[in-house]
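Asker: I'd like to ask some things about the structure below.
In the numbering used here, the protein residues as written are 1 to 821.
See below:
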């Protein structure tokens, strides 16, 4: 430590001698480290963590029926089968969140409850502070009404008194499937336990109590669903506890082996659902994995920018070396060993990197909050993003150590060419090993990041210009709030639907500027598609099932959206003699598009079992994100969920002008709806593309930083070589070399110096684009064209950065330079 202190003092003096340049180096490296540290913090938070609320939490995992875009909730029969059929599971339980009201005398308080199935308390073993969990016998439909309350509720309302055990909570809950908004008294629940402070909730925090689902949920079933039974409702998120002698991987293999081609048969899961097992407790592991991949990508990009910045700072220190040749030469002459000088240069680099790391940490404190709000991370569920995570701290320390070595490599390597006199009579200046390595590294990384950015640019341009299959010109969508049942299979609903639509159409057409009104679902860029999927088997493949989506659309719907009818014609109002199908459905079932007149097989769904001929084929559309084409679809004038219609208006009126007119009609009782959402699809599509734009803008920022640093570093090398080789240029000019020849010599040297970086930038950029497919970029991305463009553009930029040093070399006056020598 005593030997280190003088080195630190001397390093501070060296950097203080060039305050502006040293501050720029610290700022550049600090920004790069801050960018990487912020994303590293987010990435660490998205990693699976053992849930602190469970005993032996390493053995608790999440079981999901994974769909392409989300994880499906499951029913109780699914949970029971999973526990029986996979020997690697010691316990399986489901969790559902419900809001209940607690009536405490005249006071009513809204509480958040987790309704849990058998196996939660006795199998998953959540931690308790007092009392016991819900026993297995209490999970019967006729079991005791018992509850476990949270530690926060115990402290808040019961003062932490131990006599809370045995007290009762008078609870009310919303009824399910009733035709009006009513509450049912689910009865008094006796408190049997208090959760540990770490058990704030399973998938979310601030849960107030836990109730037995098998006993609690049937009390909420009223109306038509009262006789259906709880086992048929997919409403639970599944957790498992692994058997003591089994690992997560072995249980996953057993699960895939038994059900790798789909979910448990007959348990309400779609055909494209896949059973997956994930470590830890995660509400939607698929979304978390997607967010983790996104954050991991930008953490890697940040690390690449850090490398470029580190190489740049190393070149800055190397460029400062000629001015220190006298100092270091004298220290060698008076007996300082080479090891001592290397340590001094390493300390100087470490001090610079330490200062940059502090700047980066301060910057990361702000960036990691801002990054959580980025559009492409809106689906992520962050819990406690922090720099204090040991993995984040270890990563920052490791990167700082790596950058310190990278920065110190150049000046340390330069010691080999140092002498007491120091080669003051050298004629030629040639780049050293670090200059060649650092320049090539910066250019190669800048090329890779530029290829990625250009790939995102091409992809976004393609999305913005893609043919969606319909027109949204002058279109406004109204999503009403419905208080009644979502769907009904009453045979008289078709006529009632037509009457309701015509009545609302007449009212809405009274608004000046509204040209047409249509009804249907789904709608372009709608937040909720409100469609239902069924299964259909092709005539020649009865063993195969196709997932078919059903759409509700009146006669004006296709005209307003300008849906392209490829074959046949859209049926008249009230004509239910045939099906209108999408191109995707025609190709999936019949193998070709012109299928008008062919009979569509029976469909497994309410009111759709009767085979009917196809009367029209419509072009495929993109109702959601332009990258997600619509499912094979059937359009029907009236469906069993037509009461959930969206209203489409063709109008050029601004939304601010149209909304007061709609409110006026609603208040007058002429329009019997409540508006939940009100938007123009073209505006909503901009929101749908926000995640893609967010990735693009952030990667553009990283690429601009890396490219600017690389070009600045390359310029610095060229400038250093010209200044160090002034004697050579003076001699060449003295023997007849003109300014053009000197400029060509500098530019040629620059291209040769940058050639290795260009050579590596091409294949590395291509590999980088290939690694992003198909997760972030489509397979159609022209990777080769992008790489060629980037390499050529980099070559041009290298020439441009060589122009100023070339002019400087051509301006050297040979007489003055040689006279000084």
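From the three backbone atoms N, C-alpha and C, an ideal C-beta is built for every residue, glycine too.
Give the DSSP-derived three-state secondary structure of residue 45 in the structure shown.
Answerer: For the purposes of this step, residue 45 is taken as residue 45 along the chain shown, with counting starting at 1. Of the three classes helix, strand and coil, the one that applies to residue 45 here is helix, per DSSP.
Asker: Can you tell me whether DSSP reads residue 475 as helix, strand or coil?
Answerer: Along the chain shown, one-based indexing puts residue 475 at 475. Of the three classes helix, strand and coil, the one that applies to residue 475 here is strand, per DSSP.
Asker: With C-beta atoms as the reference, is residue 553 less than 8 Å away from residue 520?
Answerer: Residue mapping note: residue 553 aligns to position 553 of the chain shown, counting from 1. Residue mapping note: residue 520 aligns to position 520 of the chain shown, counting from 1. For residue 553 and residue 520, yes; Cβs fall inside 8 Å.
Asker: Of the choices 113, 114, 124, 161, whose alpha-carbon is the least far from that of residue 131?
Answerer: Numbered from 1 along the chain shown, position 131 holds the residue referred to as residue 131. Closest option to residue 131, Cα to Cα, is 161.
Asker: Is the stretch 63 to 83 touching the stretch 399 to 408 in the sense that three or more CB pairs, one from each, lie closer than 8 Å?
Answerer: No: the two stretches stay apart, fewer than three of their Cβ pairs being nearer than 8 Å.
Asker: To the nearest angstrom, how far is the alpha carbon of residue 572 from that of residue 555?
Answerer: What you label residue 572 is simply residue 572 of the chain shown in a count that begins at 1. What you label residue 555 is simply residue 555 of the chain shown in a count that begins at 1. Looking at the two C-alpha atoms, the distance is approximately 7 Å.
Asker: Between residue 17 and residue 699, what straight-line distance do the alpha-carbon atoms span, to the nearest angstrom?
Answerer: For the purposes of this step, residue 17 is taken as residue 17 along the chain shown, with counting starting at 1. For the purposes of this step, residue 699 is taken as residue 699 along the chain shown, with counting starting at 1. Spanning the two alpha carbons is a distance of roughly 36 Å.
Asker: Start and end of the alpha helix (DSSP H) containing residue 663?
Answerer: Residue numbering aside, residue 663 sits at position 663 when the chain shown is read from its first letter. Taken as a continuous stretch (DSSP letters only), the alpha helix (DSSP H) holding residue 663 covers 655 to 667.
Asker: So what does DSSP say about residue 303, is it helix, strand or coil?
Answerer: As a working mapping, residue 303 is identified with position 303 in the chain shown. Helix.
Asker: If you draw a straight line from the alpha carbon of residue 805 to that of residue 463, how long is it in whole angstroms?
Answerer: One-based indexing of the chain shown puts residue 805 at position 805. One-based indexing of the chain shown puts residue 463 at position 463. Rounded to the nearest angstrom, the two C-alpha atoms are 43 Å apart.
Asker: Starting from residue 564, trace the alpha helix (DSSP H) both ways and give me its first and last residue.
Answerer: Position 564 of the chain shown, counted from the start, is the residue given in the question as residue 564. Neither: residue 564 is in no alpha helix (DSSP H) and is coded neither H nor E.
Asker: Considering only residues of the same chain and omitting the five flanking positions on each side of residue 103, which have a CB-CB separation below 8 Å?
Answerer: On the chain shown, position 103 is the one that residue 103 refers to. If we look at residue 103 and ignore the five residues flanking it on each side, its Cβ neighbours are 170, 171, 172.
Asker: Please classify residue 75 as buried or exposed, where buried requires at least 16 neighbouring CB atoms within 10 angstroms.
Answerer: Locating residue 75 in the chain shown gives position 75, counting from the first residue. That one is buried.
Asker: Could you tell me whether the stretch 38 to 46 touches the stretch 202 to 210, using the rule of 3 or more Cβ pairs below 8 Å?
Answerer: Verdict: no, contact absent.
Asker: Please identify the residue among 142, 384, 150 whose C-alpha is closest to the C-alpha of residue 112.
Answerer: Here residue 112 refers to the residue found at position 112 of the chain shown. Comparing Cα-Cα distances from residue 112 to each of 142, 384, 150, the minimum goes to 150.
Asker: Do residue 548 and residue 579 have their beta-carbon atoms positioned less than 8 Å apart in this structure?
Answerer: Counting from 1 along the chain shown, the entry for residue 579 is found at position 579. Counting from 1 along the chain shown, the entry for residue 548 is found at position 548. Cβ distance not < 8 Å, so residue 579 and residue 548 don't count as in contact.
Asker: Compute the Euclidean distance between the alpha carbons of residue 409 and residue 768, then round it to the nearest angstrom.
Answerer: Walking along the chain shown from the start, residue 409 turns up at place 409. Walking along the chain shown from the start, residue 768 turns up at place 768. C-alpha separation (whole angstroms): 27 Å.
Asker: Only counting the same chain, and skipping five residues up and downstream in sequence, which positions put a Cβ closer than 7 Å to that of residue 110?
Answerer: For the purposes of this step, residue 110 is taken as residue 110 along the chain shown, with counting starting at 1. If we look at residue 110 and ignore the five residues flanking it on each side, its Cβ neighbours are 99, 101.
Asker: Residues in its own chain within less than 8 Å of residue 406 by CB, not counting five upstream and five downstream?
Answerer: Within the chain shown, numbered from 1, the residue matching residue 406 stands at position 406. Cβ neighbours of residue 406 beyond the five flanking positions: 307, 310, 311, 314.
Asker: Note the first and the last residue of the continuous beta strand (DSSP E) segment covering residue 759.
Answerer: Walking along the chain shown from the start, residue 759 turns up at place 759. That residue, residue 759, is in no beta strand (DSSP E); its alpha helix (DSSP H) goes 739 to 771.
Asker: What are the start and end residues of the alpha helix (DSSP H) that includes residue 448?
Answerer: The residue you call residue 448 lines up with position 448 of the chain shown. Note, residue 448: alpha helix (DSSP H), 433 to 465.
Asker: Count the other C-beta atoms from every protein chain shown that fall within 10 angstroms of the C-beta of residue 491, then say buried if there are 16 or more, exposed otherwise.
Answerer: Numbered from 1 along the chain shown, position 491 holds the residue referred to as residue 491. Here residue 491 scores only 46 on pLDDT, less than 50, and its place in the model should not be relied on; the value that follows carries that caveat. Exposed, because fewer than 16 other Cβ atoms sit within 10 Å of the Cβ of residue 491.
Asker: Who are residue 613's beta bridge partners in DSSP?
Answerer: For this step, residue 613 is matched to residue 613 along the chain shown. Partner(s): 599.
Asker: Cutting at 8 Å between CB atoms, please list the residues of its own chain near residue 475, excluding the five before and the five after it.
Answerer: Translated into the one-based positions of the chain shown, residue 475 becomes position 475. The answer, listed in chain order, is 524, 560, 561, 648, 649, 650, 680, 681, 682.
Asker: Between the C-alpha atoms of residue 85 and residue 47, what's the straight-line distance to the nearest angstrom?
Answerer: Taking the first residue of the chain shown as 1, we reach residue 85 at position 85. Taking the first residue of the chain shown as 1, we reach residue 47 at position 47. So the two alpha carbons sit approximately 29 Å from each other.
Asker: In terms of residues, what are the limits of the alpha helix (DSSP H) holding residue 794?
Answerer: Walking along the chain shown from the start, residue 794 turns up at place 794. Element bounds for residue 794: 783 to 810.
Asker: How long is the line joining the alpha carbons of residue 90 and residue 136, rounded to whole angstroms?
Answerer: Mapped onto the chain shown, residue 90 falls at position 90. Mapped onto the chain shown, residue 136 falls at position 136. Each residue's alpha carbon lies about 15 Å from the other.
Asker: Do residue 595 and residue 586 count as a contact pair if the criterion is CB distance below 8 Å?
Answerer: In the chain shown, the residue the question calls residue 586 occupies position 586. In the chain shown, the residue the question calls residue 595 occupies position 595. Yes. Within cutoff.
Asker: Among the candidates 793, 783, 753, 236, whose CA atom is the shortest distance from the CA of residue 837?
Answerer: Look at the range of the chain in this structure, 1 to 821, and you will see that residue 837 is not part of it.
Asker: Return the Cβ separation of residue 732 and residue 721 in integer angstroms, given the expectation that the two are a contact with Cβ distance under 8 Å.
Answerer: In the chain shown, counting from the first residue as 1, residue 732 sits at position 732. In the chain shown, counting from the first residue as 1, residue 721 sits at position 721. Not quite, the Cβ-Cβ distance comes to about 14 Å (not below 8 Å), so this is no contact.
Asker: Would residue 581 and residue 634 qualify as a contact pair, given that the criterion is a beta-carbon distance under 8 Å?
Answerer: Mapped onto the chain shown, residue 581 falls at position 581. Mapped onto the chain shown, residue 634 falls at position 634. Cβ atoms of residue 581 and residue 634: closer than 8 Å.
Asker: Could you check if residue 420 is buried or exposed, using at least 16 other CB atoms within 10 Å of its CB as the buried criterion?
Answerer: In the chain shown, the residue the question calls residue 420 occupies position 420. Because residue 420 carries a pLDDT of 38, less than 50, the predicted location of this residue cannot be relied on, and the following value inherits that uncertainty. Residue 420 is exposed by the Cβ-count criterion.
Asker: Do you know offhand how far residue 512's Cα is from residue 472's?
Answerer: The sequence position of residue 512 within the chain shown is 512, counting from 1. The sequence position of residue 472 within the chain shown is 472, counting from 1. Distance between the alpha carbons of residue 512 and residue 472: 20 Å.
Asker: Measuring straight from C-alpha to C-alpha, what distance separates residue 200 and residue 53?
Answerer: Within the chain shown, numbered from 1, the residue matching residue 200 stands at position 200. Within the chain shown, numbered from 1, the residue matching residue 53 stands at position 53. Cα to Cα, the separation comes out at about 7 Å.
Asker: According to DSSP, is residue 179 helix, strand or coil?
Answerer: Translated into positions along the chain shown, residue 179 becomes position 179. In this predicted model, residue 179 has a pLDDT of only 45, less than 50, meaning its place in the structure is not dependable enough to derive any value.
Asker: With a threshold of 8 Å on Cβ separation, who are the neighbours of residue 196 within its own chain once the five nearest residues in sequence on each side are excluded?
Answerer: As a first step, residue 196 is located in the chain shown; it is residue number 196 there, counting from the start. If we look at residue 196 and ignore the five residues flanking it on each side, its Cβ neighbours are 53, 126, 127, 128, 129, 151.
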